[in-house]
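Chains as they are written, first to last, in our numbering: chain A, 37 to 273; chain B, 37 to 273.
Number of protein chains: 2
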Amino acid sequence: MTTTHAGTGAEATIPPVGSLEHADAVELLGLVAQLEHVAFARLAADSALAPTIEQRLELSRFAAAAVARRDRVLARITEIGADPVAAVRAYDAVLDDFDARTPPGSWWERLLKAYVGYGVADDFCRLAAEGLDAGSRAVVLEVLDDASHAELAVAELDAAGSADGVLTARLALWGRRLVGEALGVVQRLLVQRPALVRLVALGSTSQPDAPPNAPTKLFGELTAQHTRRMARLGLTA
Amino acid sequence: MTTTHAGTGAEATIPPVGSLEHADAVELLGLVAQLEHVAFARLAADSALAPTIEQRLELSRFAAAAVARRDRVLARITEIGADPVAAVRAYDAVLDDFDARTPPGSWWERLLKAYVGYGVADDFCRLAAEGLDAGSRAVVLEVLDDASHAELAVAELDAAGSADGVLTARLALWGRRLVGEALGVVQRLLVQRPALVRLVALGSTSQPDAPPNAPTKLFGELTAQHTRRMARLGLTA
Numbered sequence: 037m038t039t040t041h042a043g044t045g046a047e048a049t050i051p052p053v054g055s056l057e058h059a060d061a062v063e064l065l066g067l068v069a070q071l072e073h074v075a076f077a078r079l080a081a082d083s084a085l086a087p088t089i090e091q092r093l094e095l096s097r098f099a100a101a102a103v104a105r106r107d108r109v110l111a112r113i114t115e116i117g118a119d120p121v122a123a124v125r126a127y128d129a130v131l132d133d134f135d136a137r138t139p140p141g142s143w144w145e146r147l148l149k150a151y152v153g154y155g156v157a158d159d160f161c162r163l164a165a166e167g168l169d170a171g172s173r174a175v176v177l178e179v180l181d182d183a184s185h186a187e188l189a190v191a192e193l194d195a196a197g198s199a200d201g202v203l204t205a206r207l208a209l210w211g212r213r214l215v216g217e218a219l220g221v222v223q224r225l226l227v228q229r230p231a232l233v234r235l236v237a238l239g240s241t242s243q244p245d246a247p248p249n250a251p252t253k254l255f256g257e258l259t260a261q262h263t264r265r266m267a268r269l270g271l272t273a
Numbered sequence: 037m038t039t040t041h042a043g044t045g046a047e048a049t050i051p052p053v054g055s056l057e058h059a060d061a062v063e064l065l066g067l068v069a070q071l072e073h074v075a076f077a078r079l080a081a082d083s084a085l086a087p088t089i090e091q092r093l094e095l096s097r098f099a100a101a102a103v104a105r106r107d108r109v110l111a112r113i114t115e116i117g118a119d120p121v122a123a124v125r126a127y128d129a130v131l132d133d134f135d136a137r138t139p140p141g142s143w144w145e146r147l148l149k150a151y152v153g154y155g156v157a158d159d160f161c162r163l164a165a166e167g168l169d170a171g172s173r174a175v176v177l178e179v180l181d182d183a184s185h186a187e188l189a190v191a192e193l194d195a196a197g198s199a200d201g202v203l204t205a206r207l208a209l210w211g212r213r214l215v216g217e218a219l220g221v222v223q224r225l226l227v228q229r230p231a232l233v234r235l236v237a238l239g240s241t242s243q244p245d246a247p248p249n250a251p252t253k254l255f256g257e258l259t260a261q262h263t264r265r266m267a268r269l270g271l272t273a
C-alpha cells in the first residue's frame, strides 16, 4: 500500500506508511484503544459491584459506550494501514502496576479511582494527540470527549461527599495517592515509548524539534487538570 | 394512563394497563431484560479472562450488544406504561443458584456453560413470548434472534473439541450437568411465577385456558432444542 502527501481528502490525512509519523500515530492510537478497552473492563466490573440496579444498568451502558469508542480507534488504525490487534497488544499491561498499587477500599474509592485515573490518562492522550496527523487527531479527540462516565462519578461522589466530612477528607487523601501513581504511569510510558515523547513535543510547540522542556510542561498541565477535576468534587488536590 | 383495545397502530399492540395480560407481559419482559443483563455481565467477565486479545475484543463486543438488547426490552416495558427498573429487579437473583451449582473448571467449560445456559433460557423465553401481545412478542423475538454470542462458543468449542477426544467426553458430561440445572431453573420459575405459566400455556394452544400438559410439552421442547444445540458441537446430549 502507498499513500502520498500530495493526496487530497481522506488520503491527505493518512501519514505515509513506514514513516516515523505513521508509526508514532499507531503507537498513540494503540494506547487510546487499550485505555478504552480497560475502561470497558473496569466499568463492567463496577456494574457488577454497584449497590443499586439503576447504577448497574447505567454503568453497563458506559461499558458498552467504551467498546464503541475503542472500536472507532481500532478502525482508524486499520484505515492507516496498521494492525489494530498488534497496536492494542503493545499496551496490554499498561495499567497493571497502577491497579496493583491502588486497590480501592470502598465503592467511593473505586469511583474516585476511575475518575482520577481515566482523567489523567485522557488528558495525557489529548495532549499527545496534538502531535498527530489531522485524521487520527480528530478520532482521538472525539473519542476522549465522549467519555461520559466521569459524569456519574462526579454526581455520586458529590452527593456522598457533601454529606460526610470524614469521607471527604479520606477521599481527598486517596485522590492525592491516585494522581501520584497515575503520573508515575505517564512517566514510565514516556521512558519506554519515544514515539509518545515525540508526539507530546510536536503538539506543544510549532517547532518539530523536541524542546527539552516539553515533559515538564506536560506534567504541569496534567497536574493542573487534576486540581480542576478534584475541585469539581469539592476535594482538595 | 389509559389505553384501549380499539386503538390502531402501535397502541393496538399495547395491552391495557392493569389487565392480567399487561402484568404478564411486564413479567416476561423483565425476565428477558434481566437475562440480557446477566449475559452482559458474563460476557464482560469472559472478555477479561479470555486467552487471546482477539477473543477479549470480540467478547467485549458481544457484551455491548447484550446491553443494547436489554435496553430495547426496557424501552418496551416503558412503552407499555410499566417501571423497567422494578421489572428487572423482580428477577435480580434468577441465575444465582444456577451459577453457584455450576462453577466452570476451565475456559471451555465456561464457554459451554454460556452456550447451554443462555440456550435453554432463550428457548424458554421464546416459547413464553408466544403468549405475549404482538408488540412485546416482536421485541422479545428480535432480541433473542440477535444473541450472536453462541456463534463464538460454537466455533471455539468445535475447533477445540474435534482435536481432543478426552475434552469432548468431558464436555459432553458437563453439558448434561448444565442442562439439568438449567431445566431446574425453569422449573422453579414456573412454580414461583404464575404469569410465565399463563404465557407458556397461551402460546402453546389456541385455547386461552391453560391445558394441564403445557409444562410437559415445554420441557420436551427445551430438551429437544438442547440436543440439537449439543449436536452442533459434535457432543452427545
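All C-beta atoms, glycine included, are put in the ideal place defined by N, C-alpha and C.
Less than 8 Å separating the beta-carbons of residue i and residue j?
{"i": "B:A280", "j": "B:L232", "result": "What is shown of chain B runs 37 to 273, which leaves residue 280 of chain B out entirely."}
{"i": "B:F76", "j": "B:A118", "result": "no"}
{"i": "B:T175", "j": "B:V109", "result": "The sequence shown places Val at residue 175 of chain B, not Thr. Taking 8 Å as the Cβ cut-off, B:V175 and B:V109 qualify as a contacting pair."}
{"i": "B:A122", "j": "B:A69", "result": "no"}
{"i": "A:L269", "j": "A:L193", "result": "yes"}
{"i": "B:L203", "j": "B:W143", "result": "no"}
{"i": "B:L148", "j": "B:G201", "result": "no"}
{"i": "A:D158", "j": "A:L180", "result": "yes"}
{"i": "A:I116", "j": "A:A61", "result": "yes"}
Below 8 Å on the Cβ atoms is my guess for residue i versus residue j; work out the distance and round it to an integer in Å.
{"i": "B:M266", "j": "B:A273", "result": "4 Å"}
{"i": "A:V222", "j": "A:V156", "result": "7 Å"}
{"i": "B:G171", "j": "B:T49", "result": "3 Å"}
{"i": "A:F160", "j": "A:E217", "result": "With 8 Å as the limit, A:F160 and A:E217 do not qualify as a contact, their Cβ atoms being about 14 Å apart."}
{"i": "B:L207", "j": "B:F255", "result": "At roughly 23 Å, the Cβ-Cβ gap does not stay under 8 Å, so B:L207 and B:F255 are not in contact."}
{"i": "A:R106", "j": "A:H73", "result": "5 Å"}
{"i": "A:A80", "j": "B:A104", "result": "Contact flag wrong, Cβ pair sits at about 14 Å."}
{"i": "B:L226", "j": "B:P251", "result": "6 Å"}
{"i": "A:D169", "j": "A:E57", "result": "6 Å"}
* Asked: Of all the residues that make up the segment 88–100 of chain A, which are near chain B by a beta-carbon distance shorter than 8 Å?
  -> Against chain B - using a Cβ distance shorter than 8 Å - the residues of the segment 88–100 of chain A are I89, E90, R92, L93, S96, R97, A99 and A100.
* To do: Select from the segment 63–83 of chain A all residues with a C-beta closer than 8 Å to any C-beta belonging to chain B, and list them in chain order.
  => Listed in sequence order: H73, F76, A77, A80, A81 and S83.
* Taking any Cβ of chain A, which residues in the segment 207–238 of chain B have a Cβ under 7 Å from it, in chain order? -> Within the segment 207–238 of chain B, no residue qualifies.
* Asked: Is there contact between the segment 62–74 of chain B and the segment 84–97 of chain B, where contact requires at least three CB pairs shorter than 8 Å?
  -> Between the segment 62–74 of chain B and the segment 84–97 of chain B there are fewer than three C-beta pairs closer than 8 Å, too few to call the two in contact.
* **Residues, ordered as in the chain, of the segment 118–139 of chain A that lie near chain B by beta-carbon distance below 8 Å** => Of all residues in the segment 118–139 of chain A, the ones placed with a Cβ closer than 8 Å to any Cβ belonging to chain B are V121, V124, R125 and D128, in chain order.
* **Validate contact between the segment 86–101 of chain B and the segment 149–162 of chain B using beta carbons, cut 8 Å, 3 pairs** => Contact fails: fewer than three Cβ-Cβ distances are below 8 Å.
* Taking only beta carbons into account, state which residues of the segment 102–119 of chain A come closer than 9 Å to chain B, listed in chain order. => Answer in chain order: A102, V103, A104, R106, D107 and L110.
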